[in-house]
Amino acid sequence: MDSTGGLRERKKAETRQAVHEAALRLVGEHGLDAVTVETIADAANISRRTFSNYFAGKEDAVLYGEEQRIRDLVEKVRAQPAGRTAWQALRGAIDDVFDEVGEPAREWAVRARLAKQHPSLLARQLANHAALERDLAEAISERESPVRPRVVAAGFLTALRLGSHLWVDERQSRSLRQVMAEMLDEMSRPFT
């Protein structure tokens, strides 16, 4: 077993998280346009070059984690029992995510608010969601569904997006899981 490799990977993950937290804090305090990559790097106590080893830009640093959550969700969809319809597999996967990680941290609401305020963050987030839609459609393509997989995936993601926005707008007065379940129930009517 290579303990050096494990330590190295853990340190990389810690650095990536520190850069993300610095970016989120600074952009939340000053706005995206007023924050530079250099400012984020300084706040995370790393060089500009080190920043570039982890993130392509400040938008990626702010939205860090979405790509990993996307991959996790797609894998959870693929792991759903074979007898489930496409919609049931998607619902089961999101339930598995909540069971595994619980309610999101406050930073999720902060990221959502920032994306609504800054077009470049929103564009990056929409690109992530377009890739997720494609990957989810592929993951459910072999499952029974009365509509095309791409439509089911888009409907599912729309419900999640609307649920997230409602949750943020309600200032997290209910759990995200409750709000998303409500949206998914509404959206599921044509799919079940």
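The sequence shown runs 1 to 192 under this note's numbering.
All residues carry an ideal CB built from backbone N, CA and C; glycine is no exception.
Note that this is a predicted model, so its numbers are computed, not measured.
Three-state class that DSSP yields for residue i in the structure shown
{"i": "residue 70", "result": "helix"}
{"i": "residue 63", "result": "coil"}
{"i": "residue 55", "result": "coil"}
{"i": "residue 85", "result": "coil"}
{"i": "residue 128", "result": "helix"}
{"i": "residue 33", "result": "coil"}
{"i": "residue 120", "result": "helix"}
{"i": "residue 5", "result": "helix"}
{"i": "residue 17", "result": "helix"}
{"i": "residue 79", "result": "coil"}
{"i": "residue 44", "result": "coil"}
{"i": "residue 102", "result": "coil"}
{"i": "residue 142", "result": "coil"}
Boundaries (first-last residue) of the alpha helix (DSSP H) holding residue i
{"i": "residue 149", "result": "149-169"}
{"i": "residue 117", "result": "106-117"}
{"i": "residue 186", "result": "176-188"}
Environment of residue i [buried if 16+ CB atoms lie within 10 Å]
{"i": "residue 31", "result": "exposed"}
{"i": "residue 24", "result": "buried"}
{"i": "residue 61", "result": "buried"}
{"i": "residue 76", "result": "buried"}
{"i": "residue 163", "result": "buried"}
{"i": "residue 7", "result": "exposed"}
{"i": "residue 59", "result": "buried"}
{"i": "residue 178", "result": "exposed"}
{"i": "residue 104", "result": "buried"}
{"i": "residue 170", "result": "exposed"}
{"i": "residue 41", "result": "buried"}
Given residue i as reference, the closest of the options once Cα atoms are compared
{"i": "residue 102", "options": "67, 48, 90 and 176", "result": "176"}
{"i": "residue 68", "options": "97, 46 and 52", "result": "97"}
{"i": "residue 134", "options": "122, 156 and 22", "result": "156"}
{"i": "residue 165", "options": "189, 138, 123 and 116", "result": "116"}
{"i": "residue 9", "options": "158, 54, 173 and 104", "result": "54"}
{"i": "residue 181", "options": "33, 51 and 93", "result": "93"}
{"i": "residue 86", "options": "148, 174, 104 and 20", "result": "148"}
{"i": "residue 172", "options": "65, 106 and 37", "result": "106"}
{"i": "residue 153", "options": "35, 174, 188 and 124", "result": "188"}
{"i": "residue 99", "options": "123, 36 and 73", "result": "73"}
{"i": "residue 17", "options": "45, 136 and 144", "result": "45"}
{"i": "residue 80", "options": "91, 70 and 71", "result": "91"}
{"i": "residue 161", "options": "109, 119 and 137", "result": "109"}
{"i": "residue 33", "options": "19, 146 and 114", "result": "114"}
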